[in-house]
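Student: Everything in the sequence shown is counted per my numbering, starting at -9 for the first residue and increasing by one. A single structure is presented below for examination.
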Amino acid sequence: MTQFTLYGPTISTYVRTVRMILAETNTPYDLKTVNIFSDRTPEYLAKNPFGKVPTLEMDGETLYETCAIVEYLDTVVGNRGFTPTGALGQARMRQIMAIVDSYLYGPAIGVITIQRLIVPSQGGQTDEAAVAAAVPKAKTALEAIEAIAPCTPYLLGEAITLADFYLMPVMLYLSKTPELKAATGQTPKLNDWWTLVSDRPSFKEVVA
Ligand SMILES: N[C@@H](CCC(=O)N[C@@H](CS)C(=O)NCC(=O)O)C(=O)O
């Protein structure tokens, strides 16, 4: 049986995305933490030259970039159960994952979450101007997802997909900030979706 080792801290949104798939499929794995608040070790950089998390190891292979990891896991342990069957559904799934990567993660996590939650927890002061500038960017990304996701009740229909697993951890951090209200004021479908998925057992397990 394949032995999986996942590298990354439990607080990382992308690590949480991968761990949800492992939890949903009851796949055993070792979790090895990586300190993302200090320089990466040469050992970790040898696995992932960009120093980002997560990285997955299995059968002597190393895989990084969350989009590649989740599609691989969906195939080898998920029986493609987290990917829509139709061509357009598959394209929508990847489109939402790309929107999260390219347009939502930066403002929602890189700025709003860091400035509102991490900086004050380390004794620093929130950069209010940076937060104010990030809110419309996060709002645009969430409204773009709202426009293409039916949310019936999962983003792309009756079955949960990799797109849901991508967005959920980002929504959780955003929901802990006052900026959630402004960012999601025009996304009623996403708000109902969030109420549903935030209660999912695998999600609660990985964010505990
Ligand atoms: N493109 C990467 C992005 C991963 C990423 O940005 N991970 C964050 C944590 S959620 C990270 O490694 N942050 C530490 C850093 O940027 O130094 C992926 O898809 O895996």
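All C-beta atoms, glycine included, are put in the ideal place defined by N, C-alpha and C. It should be emphasised that the depicted structure is a prediction, and the values quoted were computed from it without experimental measurement.
From the DSSP output, in three-state form, read off Gly175 for me.
Tutor: Three-state result, Gly175: coil.
Student: Residues in its own chain within less than 6 Å of Tyr54 by CB, not counting five upstream and five downstream?
Tutor: Excluding residues within five positions, the ones whose Cβ falls inside 6 Å are Asn38, Thr45.
Student: How is Phe(-6) classed by DSSP in three states: helix, strand or coil?
Tutor: If DSSP states are grouped into helix, strand and coil, Phe(-6) belongs with the strands.
Student: Only counting the same chain, and skipping five residues up and downstream in sequence, which positions put a Cβ closer than 6 Å to that of Glu14?
Tutor: Within the same chain, Glu14 has close Cβ partners Ser192.
Student: Report yes if the CB atom of Thr151 is closer than 7 Å to the CB atom of Met83, and no otherwise.
Tutor: In contact: Thr151 and Met83 (Cβ atoms closer than 7 Å).
Student: May I have the straight-line CA-CA distance separating Leu107 from Glu195, to the nearest angstrom?
Tutor: When rounded, the distance between both Cα atoms is 21 Å.
Student: Just curious, the beta strand (DSSP E) that Leu46 is in, first and last residue?
Tutor: First-last of the beta strand (DSSP E) with Leu46: 45 to 48.
Student: Just checking, does the segment 60 to 72 make contact with the segment 91 to 100 on the three C-beta pairs under 8 Å criterion?
Tutor: With the cut-off at 8 Å, the segment 60 to 72 and the segment 91 to 100 do not touch.
Student: Excluding five sequence neighbours on each side, which residues of the same chain lie with their C-beta closer than 6 Å to the C-beta of Val101?
Tutor: Cβ within range, chain order: Ala120, Ala124.
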